[in-house]
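Structure first, then comments.
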Amino acid sequence: MERASGIIMPIFSLPSKYGIGTMGKEAYKFADFLKKAGQKYWQVLPLGPTSCGNSPYSSWSTFAGNPNLIDLEELAEEGLISKAELDKIDWGEGENVDYEKIIKNKPLMLRKAYDNGFKKAEKEVEAFAEKNASWIYDFACYAALKDFYENIPWYEWPEDIRLREKAAMDEMKEKLKDEINYYIYIQYIFFKQWDKLKSYAHKNNIRFIGDLPIYVSLDSADVWSSPENFQLDKDNVPIEVAGVPPDYFSKEGQLWGNPLYDWDAMKADGYGWWIRRIDGAKKLFDVIRIDHFRGLESYWAVPYGEKTAVNGRWRKGPGIEFLNIIKGWFGNIDIIAEDLGILTDEVRQLLKDSGFPGMKVLEFAFDDSHNSDYLPHKYIKNCACYGGTHDNATLKEWHDTGNKDEIKFVEEYLNISDKEGFNFGIIRGGMASVADLFVTQIQDYLELGAEARTNIPGVAEGNWKWRMKEGACNDKLAERIKHLTKLYGRS
123 MERASGIIMP
133 IFSLPSKYGI
143 GTMGKEAYKF
153 ADFLKKAGQK
163 YWQVLPLGPT
173 SCGNSPYSSW
183 STFAGNPNLI
193 DLEELAEEGL
203 ISKAELDKID
213 WGEGENVDYE
223 KIIKNKPLML
233 RKAYDNGFKK
243 AEKEVEAFAE
253 KNASWIYDFA
263 CYAALKDFYE
273 NIPWYEWPED
283 IRLREKAAMD
293 EMKEKLKDEI
303 NYYIYIQYIF
313 FKQWDKLKSY
323 AHKNNIRFIG
333 DLPIYVSLDS
343 ADVWSSPENF
353 QLDKDNVPIE
363 VAGVPPDYFS
373 KEGQLWGNPL
383 YDWDAMKADG
393 YGWWIRRIDG
403 AKKLFDVIRI
413 DHFRGLESYW
423 AVPYGEKTAV
433 NGRWRKGPGI
443 EFLNIIKGWF
453 GNIDIIAEDL
463 GILTDEVRQL
473 LKDSGFPGMK
483 VLEFAFDDSH
493 NSDYLPHKYI
503 KNCACYGGTH
513 DNATLKEWHD
523 TGNKDEIKFV
533 EEYLNISDKE
543 GFNFGIIRGG
553 MASVADLFVT
563 QIQDYLELGA
573 EARTNIPGVA
583 EGNWKWRMKE
593 GACNDKLAER
603 IKHLTKLYGR
613 S
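So the sequence shown is numbered by this note's numbering: it starts at 123 and just counts up by one.
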């Protein structure tokens, strides 16, 4: 990876007249801003359709796009919906995303776009579907069934549909034909808009970094359509599920509840499901950040039905053999390994053997040991330095609420002055480091506090809502960022 820098900006956090950030005009403006600021990367969160808690990390599909991110103004310009009707809808007050209103109103507009546009674009939609046949028919069928069964999870559907028995499936596919076509059409629209935005970014020398969560959701088209790839019993009920063990952050550990992979079955199939998954991610992103990379070395397995993660056990992951197959299949693939947390020598060795850059987070660097591996003087070039990630406090929130001795250490270590300000002192430290890549949140450049937090891990409600004010990314800010970027050889 060349020496460069980038900014984290979730698509849903872009300004918009219609309640949530989209792949519309404001996305193009942000790409323009990145170019003016001398940045080479735009990091986004997973783009899949969200489910539990509106989290991008809890999705119905690892392959599909999130309909909420479709730009409605573009559909109005194409004559598929009425702009006057759009403007009559209550999309929510204030700056934050009002998911209740988005979930209620956006599908109504997308349904009208389908009614008005499907027949006109039928040949293009069919070509798109055939190109994505490995996942889209299963996804569309799953989504249609989800509506039919009033949104209950697939593992509570009637047994013949839950287990995908052919006669029952054929009957439901015929019955829900129009619904299935609708979901295929919406994916066609999503990828049409995304490909257009990505092409524009590339013309401006901006590349996308996107997250690939290591696990998928239990209630997803992925598990329902490919149960053989997961640790499920004969009735497709999980045997063990994912989490992390108790540590000094939590006495009960974290029970994530995702189904675990049957790595032996995947290996016997040549890791075909993972190859298709990464191929799907490559269509979206230029660089893939694998979330919870350590789970590929060993993972915490908790018996299904447990209320906490305490009674889990460590089990070996697929390791370097799996990564070598992925690298061999895709060639010179750009991957960042999210190797945060308490790491073992085995995980460190796997990262080294993979050749992928790991992550260093400045908010984790300044503990009372004064010896953290995240301190910039300990970096190697082959790593990605982050001020903070979407799971961290903004830099201002950290300054305002963090441990006072820790903040004092930061200010002394980086020689931060009042004139420069805490945020830009931290950013300067990351920019100046030898790390090949430096990334931080747009909130940090805007010097926003706790009100602009993207996510608080372990808190189920109130996340993934923050949106940037229109015009916040102005030319003055771009020039300040560009100065630092050029000064430290990242432009």
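The beta carbon of each residue, even a glycine, is placed where N, CA and C say it ideally should be.
Got a sec? Which residues, its chain only, sit under 7 Å from residue i by beta carbon, not counting five neighbours each side?
i: residue 565; result: 516 and 574
i: residue 438; result: 420
Smallest Cα separation from residue i: which of the options?
i: residue 510; options: 193, 562 and 492; result: 562
i: residue 339; options: 331, 222 and 348; result: 348
i: residue 244; options: 209, 325, 212 and 307; result: 307
i: residue 432; options: 418, 400, 599 and 377; result: 377
i: residue 604; options: 500, 549 and 472; result: 549
i: residue 529; options: 492, 506, 558 and 557; result: 492
i: residue 334; options: 412, 567, 233 and 442; result: 412
i: residue 414; options: 453, 394 and 464; result: 464
i: residue 241; options: 229, 267, 202 and 208; result: 202
i: residue 257; options: 369, 299, 394 and 198; result: 394
i: residue 456; options: 210, 400 and 313; result: 400
i: residue 442; options: 126, 473, 143 and 430; result: 473
Alpha carbon to alpha carbon, how far is residue j from residue i? Give it in angstroms, no decimals.
i: residue 572; j: residue 231; result: 33 Å
i: residue 250; j: residue 310; result: 7 Å
i: residue 611; j: residue 601; result: 15 Å
i: residue 305; j: residue 581; result: 31 Å
i: residue 427; j: residue 355; result: 14 Å
i: residue 194; j: residue 462; result: 38 Å
i: residue 385; j: residue 337; result: 13 Å
i: residue 466; j: residue 420; result: 10 Å
i: residue 366; j: residue 261; result: 29 Å
i: residue 265; j: residue 554; result: 47 Å
i: residue 500; j: residue 316; result: 38 Å
i: residue 141; j: residue 224; result: 7 Å
i: residue 383; j: residue 341; result: 15 Å
i: residue 353; j: residue 422; result: 13 Å
i: residue 579; j: residue 434; result: 21 Å
i: residue 259; j: residue 404; result: 20 Å
i: residue 221; j: residue 213; result: 9 Å
i: residue 363; j: residue 424; result: 5 Å
i: residue 188; j: residue 172; result: 7 Å
i: residue 152; j: residue 598; result: 14 Å
i: residue 269; j: residue 557; result: 47 Å
i: residue 178; j: residue 128; result: 20 Å
Skipping 5 residues on each side, what residues in its chain have a beta carbon closer than 6 Å to that of residue i?
i: residue 569; result: 518 and 545
i: residue 547; result: 536 and 538
i: residue 458; result: 411, 479 and 506
Keeping to the same chain, check which residues put their C-beta closer than 8 Å to that of residue i; ignore five residues upstream and five downstream.
i: residue 295; result: 263 and 302
i: residue 497; result: 487, 488 and 535
i: residue 392; result: 447
i: residue 330; result: 163, 164, 165, 166, 320, 323, 406, 407, 408 and 409
i: residue 542; result: 550
i: residue 522; result: 571 and 572
Worksheet item: Unbroken beta strand (DSSP E) runs of length 3 or more, entirely within the segment 508–569: which are they?
Response: 559–563
Worksheet entry | 3 or more residues per run - each beta strand (DSSP E) lying fully within the segment 392–440 | 409–413, 420–425 and 435–438
Worksheet item: Going along the chain, which unbroken runs of the beta strand (DSSP E) with 3 or more residues stay wholly within the segment 155–181?
Response: 163–166
Worksheet item: Between the segment 259–279 and the segment 227–247, do three or more beta carbon pairs fall short of 8 Å?
Response: In short, these stretches do not touch, since the Cβ pair count stays below three.
Worksheet item: Per the contact definition of three or more C-beta pairs closer than 8 Å, is the segment 283–290 in contact with the segment 157–169?
Response: no
Worksheet item: Using 8 Å as the threshold, is the segment 251–258 in touch with the segment 203–220, meaning 3 or more CB pairs across them?
Response: The segment 251–258, when compared against the segment 203–220, does not touch it at the 8 Å Cβ threshold.
Discussion item. Below 8 Å, how does it come out for the segment 134–143 and the segment 578–594: are there three or more Cβ pairs, yes or no?
Written reply: yes
Worksheet item: Curious, which full-length alpha helix (DSSP H) runs of at least 4 residues does the segment 286–332 contain?
Response: Segments of the alpha helix (DSSP H) lying fully in the segment 286–332: 288–297 and 299–325.
Fill in: Completely contained beta strand (DSSP E) runs for the segment 470–500, where each covers 3 or more residues
480–483
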